[in-house]
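Visitor:
There are 2 protein chains.
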Amino acid sequence: MEVHQLRYFCAVSETGSFTRAAEKEQVAQPSLSQQIMKLEEELGVRLFDRLGRTVRLTGFGQVFLPRARAILGEMKAAKDEVAERQSSVSGPVSIGVIPTIAPYFLPLPLALFSRKYPQTCITVVEDVTARLMDRLRAGQIDLAILATPMRGHDVESFTLRTERLLAILPRAHHLAKKRKVMLKELRDEPFLLLREDHCFRDTAIEVCKRARVMPRVVFESGQFSSILAMVGAGLGISIVPEMAVEQRPDCAFVSVGDDRASRTIGVVTLKGRYLSRVQLAFLAHLQTFAQKEA
Amino acid sequence: MEVHQLRYFCAVSETGSFTRAAEKEQVAQPSLSQQIMKLEEELGVRLFDRLGRTVRLTGFGQVFLPRARAILGEMKAAKDEVAERQSSVSGPVSIGVIPTIAPYFLPLPLALFSRKYPQTCITVVEDVTARLMDRLRAGQIDLAILATPMRGHDVESFTLRTERLLAILPRAHHLAKKRKVMLKELRDEPFLLLREDHCFRDTAIEVCKRARVMPRVVFESGQFSSILAMVGAGLGISIVPEMAVEQRPDCAFVSVGDDRASRTIGVVTLKGRYLSRVQLAFLAHLQTFAQKEA
DNA sequence: TGTGATTGATAGGATTTGACTATGCTAGGT
DNA sequence: ACCTAGCATAGTCAAATCCTATCAATCACA
Chain A
64 MEVHQLRYFC AVSETGSFTR AAEKEQVAQP SLSQQIMKLE EELGVRLFDR
114 LGRTVRLTGF GQVFLPRARA ILGEMKAAKD EVAERQSSVS GPVSIGVIPT
164 IAPYFLPLPL ALFSRKYPQT CITVVEDVTA RLMDRLRAGQ IDLAILATPM
214 RGHDVESFTL RTERLLAILP RAHHLAKKRK VMLKELRDEP FLLLREDHCF
264 RDTAIEVCKR ARVMPRVVFE SGQFSSILAM VGAGLGISIV PEMAVEQRPD
314 CAFVSVGDDR ASRTIGVVTL KGRYLSRVQL AFLAHLQTFA QKEA
Chain B
64 MEVHQLRYFC AVSETGSFTR AAEKEQVAQP SLSQQIMKLE EELGVRLFDR
114 LGRTVRLTGF GQVFLPRARA ILGEMKAAKD EVAERQSSVS GPVSIGVIPT
164 IAPYFLPLPL ALFSRKYPQT CITVVEDVTA RLMDRLRAGQ IDLAILATPM
214 RGHDVESFTL RTERLLAILP RAHHLAKKRK VMLKELRDEP FLLLREDHCF
264 RDTAIEVCKR ARVMPRVVFE SGQFSSILAM VGAGLGISIV PEMAVEQRPD
314 CAFVSVGDDR ASRTIGVVTL KGRYLSRVQL AFLAHLQTFA QKEA
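So the sequence lines, in the order shown, correspond to chains A and B.
The first sequence maps to residues 64 to 357 in our numbering.
The second sequence maps to residues 64 to 357 in our numbering.
#1: Relative to the alpha-carbon of A/F72, which residue among A/L114, A/T117 and A/L135 has its alpha-carbon at the smallest distance?
#2: Nearest chain A C-beta to B/A201 closer than 7 Å, yes or no?
#3: So within the stretch 286 to 320 of chain A, which uninterrupted alpha helix (DSSP H) runs reach at least 4 residues, ignoring any that extend past its ends?
#4: Less than 7 Å between the beta carbons of A/L69 and A/F81, yes or no?
#5: Counting pairs of beta carbons, one from the stretch 99 to 106 of chain A and one from the stretch 144 to 160 of chain A, are three or more of them closer than 8 Å?
#6: Would you kindly work out how many angstroms separate the C-alpha atoms of A/Q125 and B/E252, rounded to a whole number?
#7: Buried or exposed, going by whether 16 or more other CB atoms sit within 10 Å of the CB of B/A357?
#8: What residues from chain B crowd round A/L333, counting only those whose CB sits closer than 8 Å?
#9: Is it buried or exposed, A/M277, if we count other Cβ atoms within 10 angstroms and call 16 or more buried?
#10: What are the start and end residues of each continuous alpha helix (DSSP H) run of 4 or more residues lying completely inside the stretch 221 to 289 of chain A, in chain order?
#11: Which residues of chain B have a Cβ atom closer than 8 Å to the Cβ of A/R130, listed in chain order?
#12: Indicate whether at least one CB of chain A lies closer than 7 Å to the CB of B/A347.
#13: List the residues of chain A that B/S153 touches, going by C-beta distances under 8 Å, in chain order.
#14: Below 8 Å CB to CB, which residues in the same chain sit around B/Q354 once its five sequence neighbours on both sides are set aside?
#15: Assuming B/I208 and B/S157 make a contact with CB atoms under 8 Å, what is their CB distance in whole Å?
#16: Please tell me whether A/V156 has its Cβ less than 7 Å away from any Cβ of chain B.
#17: Would you mind reading off the limits of the beta strand (DSSP E) that contains A/V331?
#18: Taking the alpha-carbon of B/R227 as reference, which of B/A165, B/M306, B/A91 and B/S325 has the nearest alpha-carbon?
#19: Nearest-angstrom Cα distance between A/A267 and A/L343?
#20: If we cut at 7 Å on Cβ distances, does A/A357 have a partner in chain B?
#21: Judging by CA-CA distance, which residue of B/M64, B/K272, B/E283 and B/V308 is the nearest neighbour of B/K101?
#22: Which bits of chain A does B/L106 rub up against, with CB to CB less than 7 Å?
#23: A/V90 lies in the beta strand (DSSP E); which residues open and close that run?
#24: What residue does the alpha helix (DSSP H) around A/A353 start on, and which one ends it?
#25: Against chain B, does A/A133 count as a neighbour if the rule is that its beta carbon must be under 7 Å from one of theirs?
#26: In the stretch 212 to 223 of chain B, which residues sit with their C-beta less than 7 Å from some C-beta in chain A, listed in chain order?
#27: Mind pulling the chain B residues with CB within less than 8 Å of A/S339?
#28: Bridge partners of A/A210, per DSSP?
Structure representation (structure tokens):
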């Protein structure tokens, strides 16, 4: 049973004639006759009575007609639905973000996107890089916002922004007033860092290592705000990316002068993953926020 | 969008692999790949993400899958329904009968057929030949039981039974006791006949004409029972077919001895008309009653 | 009643298309 | 680093659809 056979069948039913049906379906009349016969053969019943000049549905034809119409309708509906989803920027988008980006970068673009495309529904998963990558590969999220570059042949990434690192010092610290500080100057300070699974911890340690500094970690947390509060209380110092800066009376933020003391954030997608219009739109939307300040 | 494309698509969705889907669908893997690509091209979206070794539905694929399944299901259902109707002797049969046959011939076969095939639903239309033929040509009835032969190139007929004609005489008539009577002997009697549109009127007049008798019609009716009653009351005489005979104290039935003084009844169908199993079964059923007495 | 026109079926050749084999390329596993 | 698995590509082939031409039958009309 083929689609065009159903189309021809319906056309004959509607026009009451093979010839007119053939015109309607833009085929030669013998072709249409053949296909109808083939359909009848497959079904094992006659669908039409050929009565001289008139053609009329048999009982079987009458039974079959609504079903054939339904099938053709379903096909059109299926096609239309896909087209609809493709042409309109709507539908679900699920994204992943690491905790050291989420609260600082995401709120504004998220709100603006939702306002711009009310039809969309964005789901955000906040988790650490490793688990986000798992979810990405599992297809649970469409894209992930995290620190790049991301090694891995199965992903593609787009840079969003590179931001300088800043040392956080207690306001009373002797380096707190400087405009710039080298990590070497901080080598003996107690360090407060993120927990192990946070990638920014690795970034911080990496930059220290390049400065031949081995940080002495006295406190670990899952979020910058805790660290800031601790630094403010004088427990030690830390390093944060630019976007985590928040004005506090007890903390001073001093730019780290070391080479490559920066973090780059970007969007990562699975290579070979097909992105829908919404998803692409969201990606583009994120890129407009690339260099803006939050 | 072709049927096999939908089948292949569903197979890939189910197996999660082009290769396994190809095995399942009994085609070579490249053929399947091609058809999937063709489908994707027509829809304008990617249905699968080819991620290295794994294949996964895209969002569009997820939307499309249930619809594709529904379409394939509908096709199977349509085919099954036709097959079901074809294999089982069930469904509607509508027949037409002329009034001079209906009450005498039909009750028994109708009852037996309904008992034999309880799934069927027989509709009977009682009308005169001309209107039955109209209905037959209009497809409103599947077959008609009437007096044959039926001229007309667009019909086919099967003889059921040939029955002799009998003269009805008042019991007191001087010929009432005879075993046989010739029409010539009745030439001066007043005749009671059916109304003009009844074909048996034509049959009766025809047989008279052959006997060089011009009947003098004094009463017309739509049914034999009225005529019998009138004959019984002494108004005149009439002619009826065998099956219309009913024992009455006031009437005598005498066989008409003339040549070809008979009526043949048969079943007529539209030439080229496709008959379903039930309809054919009913036709065959009628033929088993061909020579039986009612 | 015969003749022309309309309609569906049939026949044979041309074109399209789906399927197959062989092969390439990339990703994963050992 | 090699090997395997899996999808894509290339080229060929066969089948199926479509076409034109024609036939047979019906119907309209003279």
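Every residue, glycine too, gets a C-beta built ideally from N, C-alpha and C.
Guide: In short:
#1: A/L135
#2: no
#3: 287 to 295
#4: no
#5: no
#6: 55 Å
#7: With a pLDDT of only 42 at B/A357, under the threshold of 50, the placement of this residue in the model should not be trusted; the figure read from the coordinates follows. Per the 10 Å Cβ criterion, exposed.
#8: D112 and L114
#9: exposed
#10: 262 to 273
#11: E137, A140, A141 and E144
#12: no
#13: Within chain A, no residue comes near B/S153; the closest Cβ sits about 11 Å away, beyond 8 Å.
#14: R224
#15: So it is not a contact: roughly 12 Å between Cβ atoms.
#16: no
#17: S325 to L333
#18: B/S325
#19: 32 Å
#20: With a pLDDT of only 42 at A/A357, under the threshold of 50, the placement of this residue in the model should not be trusted; the figure read from the coordinates follows. A/A357 does not count as touching chain B.
#21: B/M64
#22: K142 and V145
#23: That residue, A/V90, is in no beta strand (DSSP E); it is neither H nor E in DSSP.
#24: No alpha helix (DSSP H) contains A/A353, which DSSP labels as neither H nor E.
#25: yes
#26: D217
#27: V108, T121, G122 and F123
#28: A/I328
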